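Chemist:
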Amino acid sequence: MATPVLDKVEADSAASPYITVTFRVRRFNPEVAAEASWQDFVLEIDPKERVLDGLHKIKWDEDGTLTFRRSCAHGICGSDAMRINGKNRLACKTLIKDINPEKPITVEPIKGLTVLKDLVVDMEPFFQAYRDVMPFLITKDTNEPTRERFQSAEDRERFDDTTKCILCAACTSSCPVFWNDGQYFGPAAIVNAHRFIFDSRDEAGEQRLEILNDKDGVWRCRTTFNCTDACPRGIEVTKAIQEVKRALITRRF
Amino acid sequence: MKIHKYDTVIVGAGGAGMRAAIESTQRSRTAVLTKLYPTRSHTGAAQGGMAAALANVEEDNWEWHTFDTVKGGDYLVDQDAAEILAKEAIDSVLDLEKMGLPFNRTPNGTIDQRRFGGHSRNHGEAPVRRSCYAADRTGHMILQTLYQNCVKHGVEFFNEFYVLDQLLVEVDGVKKSAGVVAYELATGEIHVFQAKAVIYASGGTGKFFKVTSNAHTLTGDGQAAVYRRGLPLEDMEFFQFHPTGIWRMGILLTEGARGEGGILRNKDGERFMEKYAPVMKDLASRDVVSRSIYTEIREGRGCGPEGDHVYLDLTHLPPEQLDAKLPDITEFARTYLGIEPYTDPIPIQPTAHYAMGGIPTNVEGEVLTDNTTVVPGLYAAGEVACVSVHGANRLGTNSLLDINVFGKRAGIAAANYSQKADFVELPENPESLVVEQIERLRTATGNERVAELRRELQETMDANVMVFRTEQTIKTAVEKIADLRERYKNVSIQDKGRRFNTDLLEAVELGNLLDLAEVMAVSALARKESRGGHYREDYPNRDDVNFMRHTMAYREVGDDGAESIRLDYKPVVQTRYQPMERKY
Numbered sequence: 001m002a003t004p005v006l007d008k009v010e011a012d013s014a015a016s017p018y019i020t021v022t023f024r025v026r027r028f029n030p031e032v033a034a035e036a037s038w039q040d041f042v043l044e045i046d047p048k049e050r051v052l053d054g055l056h057k058i059k060w061d062e063d064g065t066l067t068f069r070r071s072c073a074h075g076i077c078g079s080d081a082m083r084i085n086g087k088n089r090l091a092c093k094t095l096i097k098d099i100n101p102e103k104p105i106t107v108e109p110i111k112g113l114t115v116l117k118d119l120v121v122d123m124e125p126f127f128q129a130y131r132d133v134m135p136f137l138i139t140k141d142t143n144e145p146t147r148e149r150f151q152s153a154e155d156r157e158r159f160d161d162t163t164k165c166i167l168c169a170a171c172t173s174s175c176p177v178f179w180n181d182g183q184y185f186g187p188a189a190i191v192n193a194h195r196f197i198f199d200s201r202d203e204a205g206e207q208r209l210e211i212l213n214d215k216d217g218v219w220r221c222r223t224t225f226n227c228t229d230a231c232p233r234g235i236e237v238t239k240a241i242q243e244v245k246r247a248l249i250t251r252r253f
Numbered sequence: 254m255k256i257h258k259y260d261t262v263i264v265g266a267g268g269a270g271m272r273a274a275i276e277s278t279q280r281s282r283t284a285v286l287t288k289l290y291p292t293r294s295h296t297g298a299a300q301g302g303m304a305a306a307l308a309n310v311e312e313d314n315w316e317w318h319t320f321d322t323v324k325g326g327d328y329l330v331d332q333d334a335a336e337i338l339a340k341e342a343i344d345s346v347l348d349l350e351k352m353g354l355p356f357n358r359t360p361n362g363t364i365d366q367r368r369f370g371g372h373s374r375n376h377g378e379a380p381v382r383r384s385c386y387a388a389d390r391t392g393h394m395i396l397q398t399l400y401q402n403c404v405k406h407g408v409e410f411f412n413e414f415y416v417l418d419q420l421l422v423e424v425d426g427v428k429k430s431a432g433v434v435a436y437e438l439a440t441g442e443i444h445v446f447q448a449k450a451v452i453y454a455s456g457g458t459g460k461f462f463k464v465t466s467n468a469h470t471l472t473g474d475g476q477a478a479v480y481r482r483g484l485p486l487e488d489m490e491f492f493q494f495h496p497t498g499i500w501r502m503g504i505l506l507t508e509g510a511r512g513e514g515g516i517l518r519n520k521d522g523e524r525f526m527e528k529y530a531p532v533m534k535d536l537a538s539r540d541v542v543s544r545s546i547y548t549e550i551r552e553g554r555g556c557g558p559e560g561d562h563v564y565l566d567l568t569h570l571p572p573e574q575l576d577a578k579l580p581d582i583t584e585f586a587r588t589y590l591g592i593e594p595y596t597d598p599i600p601i602q603p604t605a606h607y608a609m610g611g612i613p614t615n616v617e618g619e620v621l622t623d624n625t626t627v628v629p630g631l632y633a634a635g636e637v638a639c640v641s642v643h644g645a646n647r648l649g650t651n652s653l654l655d656i657n658v659f660g661k662r663a664g665i666a667a668a669n670y671s672q673k674a675d676f677v678e679l680p681e682n683p684e685s686l687v688v689e690q691i692e693r694l695r696t697a698t699g700n701e702r703v704a705e706l707r708r709e710l711q712e713t714m715d716a717n718v719m720v721f722r723t724e725q726t727i728k729t730a731v732e733k734i735a736d737l738r739e740r741y742k743n744v745s746i747q748d749k750g751r752r753f754n755t756d757l758l759e760a761v762e763l764g765n766l767l768d769l770a771e772v773m774a775v776s777a778l779a780r781k782e783s784r785g786g787h788y789r790e791d792y793p794n795r796d797d798v799n800f801m802r803h804t805m806a807y808r809e810v811g812d813d814g815a816e817s818i819r820l821d822y823k824p825v826v827q828t829r830y831q832p833m834e835r836k837y
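Chains as they are written, first to last, in our numbering: chain A, 1 to 253; chain B, 254 to 837.
#1: If we ignore side chains and look at the alpha-carbon of each, how far apart do residue 442 (chain B) and residue 68 (chain A) end up?
#2: Quick one: which unbroken alpha helix (DSSP H) runs of 4-plus residues sit fully inside the region 653-736 of chain B? Chain order, please.
#3: So the beta strand (DSSP E) residue 803 (chain B) belongs to, where does it begin and stop?
#4: Nearest chain A C-beta to residue 402 (chain B) closer than 8 Å, yes or no?
#5: Among B:383, B:393, B:811, which residue has its Cα nearest to the Cα of residue 342 (chain B)?
#6: If you count every other CB in all the chains shown that lies within 10 Å of the CB of residue 376 (chain B), and 16 or more means buried, which is it?
#7: Anything in the region 289-307 of chain B with a Cβ closer than 7 Å to a Cβ of chain A? List those residues in chain order, please.
#8: Please report the distance separating the alpha-carbon of residue 822 (chain B) from that of residue 326 (chain B).
#9: In chain order, what residues of the region 173-184 of chain A put their CB closer than 9 Å to some CB of chain B?
#10: In its own chain, which residues sit with a C-beta less than 8 Å from the C-beta of residue 107 (chain A), not counting the 5 before and 5 after it?
#11: Give the range of the beta strand (DSSP E) segment to which residue 431 (chain B) is assigned.
#12: Below 8 Å on the Cβ atoms is my guess for residue 380 (chain B) versus residue 368 (chain B); work out the distance and round it to an integer in Å.
#13: Comparing the C-beta of residue 827 (chain B) with each C-beta of chain A, is any distance below 8 Å?
#14: Comparing alpha-carbon positions, which option in A:177, A:114, A:221 lies nearest residue 36 (chain A)?
#15: Could you tell me the alpha carbon to alpha carbon distance between residue 74 (chain A) and residue 604 (chain B), rounded to whole angstroms?
#16: Rounded to whole angstroms, what is the Cα-Cα separation between residue 362 (chain B) and residue 409 (chain B)?
#17: So the beta strand (DSSP E) residue 448 (chain B) belongs to, where does it begin and stop?
#18: How about residue 650 (chain B) and residue 392 (chain B): are their beta carbons less than 8 Å apart?
#19: So which residues of chain B does residue 166 (chain A) contact, with C-beta pairs closer than 8 Å?
#20: Going along the chain, which residues of the region 342-372 of chain B sit with their C-beta nearer than 9 Å to a C-beta in chain A?
#21: Taking Cβ positions only, does residue 750 (chain B) come closer than 8 Å to chain A?
#22: So, does the region 572-592 of chain B touch the region 813-832 of chain B, judging by three or more C-beta pairs under 8 Å?
#23: Kindly say whether residue 29 (chain A), judged by its beta-carbon, lies nearer than 8 Å to any beta-carbon of chain B.
#24: Given 7 Å as the limit, tell me if residue 555 (chain B) has its C-beta closer than that to any heavy atom belonging to the ligand GTP.
#25: Would you kindly check if the distance between the Cβ of residue 182 (chain A) and the Cβ of residue 112 (chain A) is under 8 Å?
#26: Give me the residue from B:800, B:647, B:464 with the minimum Cα distance to residue 710 (chain B).
#27: Out of curiosity, what's the CA-to-CA distance linking residue 785 (chain B) and residue 487 (chain B)?
#28: Using a Cβ-Cβ cut-off of less than 7 Å, give me the residues of the region 61-79 of chain A that come near chain B, in sequence order.
#29: If we call anything under 8 Å between Cβ atoms a contact, is residue 286 (chain B) one with residue 491 (chain B)?
#30: Can you name the start and end residues of the alpha helix (DSSP H) that residue 529 (chain B) belongs to?
#31: Using the beta-carbon count (16 or more within 10 Å), is residue 315 (chain B) buried or exposed?
#32: Would you kindly check if the distance between the Cβ of residue 133 (chain A) and the Cβ of residue 189 (chain A) is under 8 Å?
#33: Enumerate in chain order the residues of its own chain whose CB-to-CB distance from residue 151 (chain A) is below 7 Å, with the five nearest sequence positions on each side excluded.
#34: When Cβ atoms are compared, which residues of the region 752-781 of chain B fall closer than 7 Å to chain A?
#35: Cα-Cα, which of B:404, B:364, B:366, B:397 is closest to residue 128 (chain A)?
#36: On the DSSP letters alone, give me the boundaries of the beta strand (DSSP E) that residue 51 (chain A) sits inside.
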């Protein structure tokens, strides 16, 4: 069998030239000043590094007061959703080279949620909307089966896309409807309702649909697709919302 | 300062903490204190699966699983605990399915299962399909499902509350848990939680290594809190290095990739695991595979200009299979390396992954204050704990299992205890230690920087106590850590505020890492043998005569205030399996 060769990757990594990049970060700390302001940081960085690496360089080597949330650093924990060059992304999944390092890279908190300090926002309204759609399996059978419930591979596939959600809020905080009206459930909550409505094992689809039939429910969606563009997990968020709307009309899911 | 009163307090909201909370909330008034939002925990990064002998796709039984766990742990496993793990695995998986976890399914609708390292049919005959999985995001699905069920049961969370101290009070000559002291990140306020029972489920310590699969937040906070209060830590020298981390970054690429047929190759394209493990090959246990990779690299068969990695080759697998079974890790390769795994092999190297050691507990999750005595009201489960079901080396898919089996057990045991026990009176000024620690860091003016000390710690750990160790390298690490601990006294931070002061928290976390790194190195120095994840080149064989025993490390403070570590040992529980030579 052929020997695996990785010439092009090794050529890239061997070069690894550091470049100079400006991070333009939105700062806010009510302990210091009432208003938010922009601050520039100039960094030497490998363009294959992540925006999160850049923020760490600032925090660790320049300004320890810079505040942001992060944990896993590879796009699975959902802590570090930010507005980077005007678009919602995870800082740990965004490579410097992919966002034009020629110009200053702007980093702001996600929109529509109260900023508490620098890039940290109040996540509570976001999680409240999530809790409101009853995001857990509901079954009516009082006699639990001794083994697992059966589910065909096709039925399992039906809701696979929406199980990928990591609750990072990139979608909800990219939605113009949510910016203007914090009462709107927002895409993430609908995605998580979708995950159960279309799960063949669940028996509370009607209840969830009624919750989303509310004036602050799915009908507020204006299908701008911002949410789909923003999702770092590649979930087709707008499609999921459309499927919920259709289910409300046809009552078939 | 605020005082709260709960029957049961759980520290940490990852898999073990939330599994415990689901049980404990239904039986006692429970609060979960977590430094991260619940779904941010590193349980979510686990990929490959959760082992259980369901026998859905081929013959299997829990006794084979027990044997594999004991052998995988190089016989340092407590066999009574391993038997519970393997037996209760089946109900644990079924519990999760009933809670809604979307497992992958077989054509007949049952939970699908796949191969994983070290799991075998009939005591090592051949690999067996035992891992229940949801694509390569099983941990994510477990974390989400457990959080969903916490929402269902109305579990009370205190998010971004950082537990910094464990309160122990002596009552009639018995040391009991009285509660914990926590720091609220949003406000800087100190909170004392008086509780009849406390469960630690705060995860691992991997951030003392540089190349690690662990989250930035895995800094051994629970281990450090109880260790500083004089309770022992068990088997801290045993740390698992996962064979397939993304080269230089450490990001995990699941063993499930090899379970699906992925092959490790050196620079000559050779499938080198055939030499080291003729039967299990690429699916030998993780310590064996990690050592084999480094042996290839050391002997000049590593890949790349510096010969410092090997390849994980998935190119012979159909793209549809990769899309269906390994979607996340193939995306990691594309995102972080710019590599297309359909056509190119992925550069990998071993990555610091999992602490086998931790806070010693019995099988009910009760924390031990010595080899046999429990601390009434104190529990631990998950990676923070050492039951010990993993011994010297954990098998893949046994950690997601551990958090479910022992998280549930600890949750039930703690709630049952708090139903019948009384509150232990809080000590005078229960917050004093934490207030002193926080104020000292906030007002310090020294010239040492947290980030610099942490970098030096991580570099010395990678260089000296990783896959291969010798007396000399470990001593180098011990000396370096002692030096760093001295310099830590002069550490200062820039953020002096109270609101979301993560600068302050990183300083606290570094203090925890330094304490635990020292325990690890000192424990490793004393273990003059090779076993599982602890490999001593100067003592390359397992020594059952002198070292078939668990290490118990205690912090001692002399009359002059000088700190030291006292090592003691605890017998291994053996039931049906006699130690044998370990071959794969």
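All C-beta atoms, glycine included, are put in the ideal place defined by N, C-alpha and C. This one's a predicted model, so the numbers in the text were calculated from it and none came from an experiment.
Modeler: Reading it off the structure:
#1: Going from the Cα of residue 442 (chain B) to the Cα of residue 68 (chain A) covers about 19 Å.
#2: Those alpha helix (DSSP H) runs which fall completely within the region 653-736 of chain B and span 4+ residues are 685-696, 703-717.
#3: Residue 803 (chain B) -> beta strand (DSSP E) spans 802-810.
#4: Taking a beta-carbon distance threshold of 8 Å, residue 402 (chain B) counts as an interface residue toward chain A.
#5: Measuring from the Cα of residue 342 (chain B), the nearest candidate turns out to be B:383.
#6: Classification for residue 376 (chain B): exposed.
#7: If you check each beta-carbon in the region 289-307 of chain B against every beta-carbon of chain A, the ones closer than 7 Å belong to 289, 290, 292, 293, 295, 297, 298.
#8: Their Cα atoms are separated by approximately 17 Å.
#9: So the list is empty, because no residue satisfies the distance condition.
#10: Taken in chain order, the residues that qualify are 23, 24, 25, 26, 51, 55, 82, 83, 84, 91, 119.
#11: Note, residue 431 (chain B): beta strand (DSSP E), 427-437.
#12: Yes, they are in contact, since the Cβ atoms of residue 380 (chain B) and residue 368 (chain B) sit about 4 Å apart, within 8 Å.
#13: Not one beta carbon of chain A lies nearer than 8 Å to the beta carbon of residue 827 (chain B).
#14: Here the closest residue by C-alpha is A:114.
#15: Those two C-alpha atoms are separated by around 14 Å.
#16: Those two C-alpha atoms are separated by around 35 Å.
#17: 443-453 is the extent of the beta strand (DSSP E) around residue 448 (chain B).
#18: Taking 8 Å as the Cβ cut-off, residue 650 (chain B) and residue 392 (chain B) do not qualify as a contacting pair.
#19: Those within 8 Å of residue 166 (chain A) in chain B are 292, 297, 393.
#20: Within the region 342-372 of chain B, the residues whose Cβ lies closer than 9 Å to some Cβ of chain A are 346, 347, 350, 351, 352, 353, 354, 355, 356, 357, 358, 359, 360, 361, 362, 363, 364, 365, listed in chain order.
#21: Judged by the 8 Å Cβ criterion, residue 750 (chain B) is in contact with chain A.
#22: Judged by pairs of C-beta atoms under 8 Å, the region 572-592 of chain B does not touch the region 813-832 of chain B, as fewer than three such pairs exist.
#23: Judged by the 8 Å Cβ criterion, residue 29 (chain A) is in contact with chain B.
#24: Looking at this structure, you won't find the ligand GTP or any other ligand, since it has none at all.
#25: In this structure, the beta-carbon distance from residue 112 (chain A) to residue 182 (chain A) falls below 8 Å.
#26: For the residues B:800, B:647, B:464, the minimum Cα distance to residue 710 (chain B) belongs to B:464.
#27: Inter-residue distance for residue 785 (chain B) and residue 487 (chain B) is about 15 Å (C-alpha atoms, whole angstroms).
#28: Cβ contacts with chain B: 61, 63, 64, 65, 67, 70, 71, 72, 73, 74, 76, 77, 78, 79.
#29: Annotated as distal: residue 286 (chain B) and residue 491 (chain B), with beta-carbon spacing of 8 Å or more.
#30: Residue 529 (chain B) -> alpha helix (DSSP H) spans 526-529.
#31: Buried, by the Cβ-count rule.
#32: Result yes, Cβ atoms of residue 189 (chain A) and residue 133 (chain A) sit closer than 8 Å.
#33: Closer than 7 Å at Cβ, skipping near neighbours: 200, 201.
#34: Those residues of the region 752-781 of chain B that come within reach of chain A (Cβ to Cβ, closer than 7 Å) are 752, 753, 755, 756.
#35: Of B:404, B:364, B:366, B:397, the residue nearest in Cα terms is B:404.
#36: Run containing residue 51 (chain A): none in the beta strand (DSSP E); it sits in the alpha helix (DSSP H), 51-57.
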